[in-house]
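Written out below as structure tokens is the structure these notes cover.
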Amino acid sequence: MAAQVQASAPTAPPTGTVPAPTRVEGATFALLRLFVGALWLTGANWKIPPDFGRDTDGGLWHFTTFAVDNPVLPPYSWLVEEVVLEHFVVFGWFVLVSEALLGALLLAGLVTRAAALAGAVLSLTILLTVALTPPEWPWSYYLMIAVHLAVFATAAGRTWGLDGILRPIVADRPGASARWYRRCS
Amino acid sequence: MNAGLVTRSGAGSLRTARALAVLGAVGVTVGVAGLVLAIGDDVTGGTGSQLKAQRFDVNLFTFNPLGALALTAVGGCALVGGLTRRAAWGWVAAVGATALALQVLVQWRAGEGNLLAASGTNLSLDLLLAIGCAVLSWAMPLEEQLAGDATETGAVAGASP
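Read top to bottom, the protein sequences are chains H and G. Quick note: this note's numbering has the first sequence finishing at residue 185, numbered continuously throughout. Quick note: this note's numbering has the second sequence finishing at residue 1161, numbered continuously throughout.
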């Protein structure tokens, strides 16, 4: 009897995995991921080297100084003033390459969960930089963080993304890199 | 059993090949749109013309004719690789897209404009094509092998009474 009950019970997904979405759910998650990817892709457009706006008080420099002029979190403002603005070109390159890479990974749906977490962290830093500067709307940055967390939680690269193609291929492969990939996707 | 035949029959449904073709089609489409937009511009001009929908704050790729042609060529290689299921073409596309991204970064680093009139958005697309094509080209033979194994297992299972 016990065996019969066990046999007829719905199969639970193994611990640590995300249950396969329905077609509509998968499509929705994928659209969400593509939308967020497009956000970073277009965001990379106005980070312009080599000075990133420092010499003209424009572009990325202008927005970064908001963290000092309208502080959201005093320790973060100190960090921006003493470290980021002092080494601004290095910071500018970091932002440009990070945003371009995030756009690429999220649009491709590759290592999507890791990219989504990185996107949430980057969104948090933007929130801490500009949220209290008029006429910014802080909720837009709360939303950015929330959307990235949703992409992370739903492993949105597994529908219409490279993760959905690669995971079955590397499923049984041994080694640290395969294990690392499975965690990040 | 002829391993070549098994592999070829399994290759008909390769998802890696289809994805490579999609990436290539994206590259070709954006490249051709850029070419149409930049027609008449200076071939290697630093400013370029931008694909955008200003009203909606959507600012996309910037092209001069050379940049648009280069992207079309890279996308074309990926598309051919996907349609013919040959990973070598995908590798060529990946190397080409990497070269485009590096060229932009190196020229920016030197404080110059760049030969392709690219923006950060172009860089993102170059990275997408470089990483996507490389990963898919690496995975295509593995998927082919898995498909072959599955076909072989199926044939054996079907032959048993």
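Think of the CB as a built atom: it goes at the ideal place given N, C-alpha and C, for glycine as much as any other residue.
> What are the start and end residues of the beta strand (DSSP E) that includes G/Ala1053?
Replying inline: For the purposes of this step, residue 1053 of chain G is taken as the residue at position 53 of the second sequence. That run of the beta strand (DSSP E) goes Ser1049 to Ala1053.
>> I'd like to know whether the C-beta atoms of H/Asn45 and H/Val130 end up nearer to each other than 9 Å.
In response: Position 45 of the first sequence, counted from the first residue, corresponds to residue 45 of chain H. Position 130 of the first sequence, counted from the first residue, corresponds to residue 130 of chain H. In this structure, H/Val130 does not lie closer than 9 Å to H/Asn45 by Cβ.
> Can you tell me where the beta strand (DSSP E) with H/Val111 in it begins and where it stops?
Replying inline: Taking the first sequence and counting its residues from 1, the one referred to as residue 111 of chain H is at position 111. No beta strand (DSSP E) contains H/Val111, which DSSP labels as neither H nor E.
> H/Phe94 and H/Leu117 look like a contact to me (Cβ under 8 Å); what is the Cβ gap, rounded to whole Å?
Replying inline: Sequence index remark: in the first sequence, residue 94 of chain H carries index 94 (1-based). Sequence index remark: in the first sequence, residue 117 of chain H carries index 117 (1-based). H/Phe94 to H/Leu117, Cβ: 17 Å. No contact.
>> If we define contact as Cβ-Cβ less than 9 Å, is H/Thr42 a contact residue for chain G?
In response: Taking the first sequence and counting its residues from 1, one reaches residue 42 of chain H at position 42. At least one chain G Cβ lies under 9 Å of H/Thr42.
>> List, from N- to C-terminal side, the beta strand (DSSP E) runs of 3 residues or more that fit wholly inside the segment 1028–1094 of chain G.
In response: 1049–1053 and 1058–1063
> Would DSSP call H/Thr159 helix, strand or coil?
Replying inline: Here the question's residue 159 of chain H lines up with position 159 in the first sequence. If DSSP states are grouped into helix, strand and coil, H/Thr159 belongs with coil.
> For H/Arg158, does the count of other Cβ atoms within 10 angstroms reach 16, so buried, or fall short, so exposed?
Replying inline: Reading the first sequence from its first residue, position 158 is the one you call residue 158 of chain H. Answer is buried; the Cβ neighbour count reaches 16.
>> Tell me the residue span of the alpha helix (DSSP H) that contains H/Trp40.
In response: Mapped onto the first sequence, residue 40 of chain H falls at position 40. Here the alpha helix (DSSP H) through H/Trp40 covers Arg23 to Gly43.
> DSSP three-state call for H/His87: helix, strand or coil?
Replying inline: What you label residue 87 of chain H is simply residue 87 of the first sequence in a count that begins at 1. Residue state, collapsed to three classes: coil.
> Cβ atoms of G/Asp1041 and G/Asn1064: under 9 Å apart, would you say?
Replying inline: For the purposes of this step, residue 1064 of chain G is identified with residue 64 of the second sequence, where counting begins at 1. For the purposes of this step, residue 1041 of chain G is identified with residue 41 of the second sequence, where counting begins at 1. In contact: G/Asn1064 and G/Asp1041 (Cβ atoms closer than 9 Å).
> Taking one C-beta from the segment 1043–1055 of chain G and one from the segment 1065–1076 of chain G each time, how about it: are there three or more such pairs within less than 8 Å?
Replying inline: yes
> Can you find a C-beta in chain G that's less than 9 Å from the C-beta of H/Ala115?
Replying inline: Against the first sequence, residue 115 of chain H aligns to sequence position 115. H/Ala115 does not count as touching chain G.
>> Let's test the definition: count the other Cβ atoms within 10 Å of the Cβ of H/Asp57 and tell me whether it reaches 16, buried, or not, exposed.
In response: By 1-based counting over the first sequence, the position of residue 57 of chain H is 57. Flag for H/Asp57 reads exposed.
>> Please classify H/Thr22 as buried or exposed, where buried requires at least 16 neighbouring CB atoms within 10 angstroms.
In response: Here the question's residue 22 of chain H lines up with position 22 in the first sequence. With fewer than 16 Cβ atoms within 10 Å of its Cβ, H/Thr22 is classed as exposed.
> DSSP state of G/Asn1122, grouped into three classes?
Replying inline: Taking the second sequence and counting its residues from 1, one reaches residue 1122 of chain G at position 122. Here G/Asn1122 sits in helix by DSSP.
> Over what stretch of residues does the alpha helix (DSSP H) that includes H/Trp46 continue unbroken?
Replying inline: Mapped onto the first sequence, residue 46 of chain H falls at position 46. No alpha helix (DSSP H) contains H/Trp46, which DSSP labels as neither H nor E.
> Do the CB positions of G/Gly1090 and G/Ala1134 come within less than 9 Å of each other?
Replying inline: Translated into positions along the second sequence, residue 1090 of chain G becomes position 90. Translated into positions along the second sequence, residue 1134 of chain G becomes position 134. Contact: yes.
>> Residues in the same chain with beta-carbon distance under 8 Å from H/Ser177, minus the five sequence neighbours each way, listed in chain order, please.
In response: Indexing the first sequence from 1 puts residue 177 of chain H at position 177. Nothing meets the Cβ criterion.
>> Quick check on the burial criterion: 16 or more other C-beta atoms within 10 angstroms. Buried or exposed for H/Ser140?
In response: Within the first sequence, numbered from 1, the residue matching residue 140 of chain H stands at position 140. It is exposed - the Cβ of H/Ser140 has fewer than 16 other Cβ atoms within 10 Å.
> Do you know whose CA, among H/Gly26, H/Cys184, H/Thr125 and H/Ala20, lies nearest H/Leu79's CA?
Replying inline: As a first step, residue 79 of chain H must be located in the first sequence, where it is residue number 79. That would be H/Thr125, whose Cα lies nearest to the Cα of H/Leu79.
> Using the beta-carbon of each residue, which ones in chain G are nearer than 9 Å to H/Gly119?
Replying inline: Mapped onto the first sequence, residue 119 of chain H falls at position 119. Here the premise fails: no neighbours, minimum Cβ distance about 13 Å.
>> Tell me which residues of the segment 46–62 of chain H have at least one Cβ-Cβ distance to chain G shorter than 8 Å, keeping chain order.
In response: Trp46, Lys47, Ile48, Pro49 and Pro50
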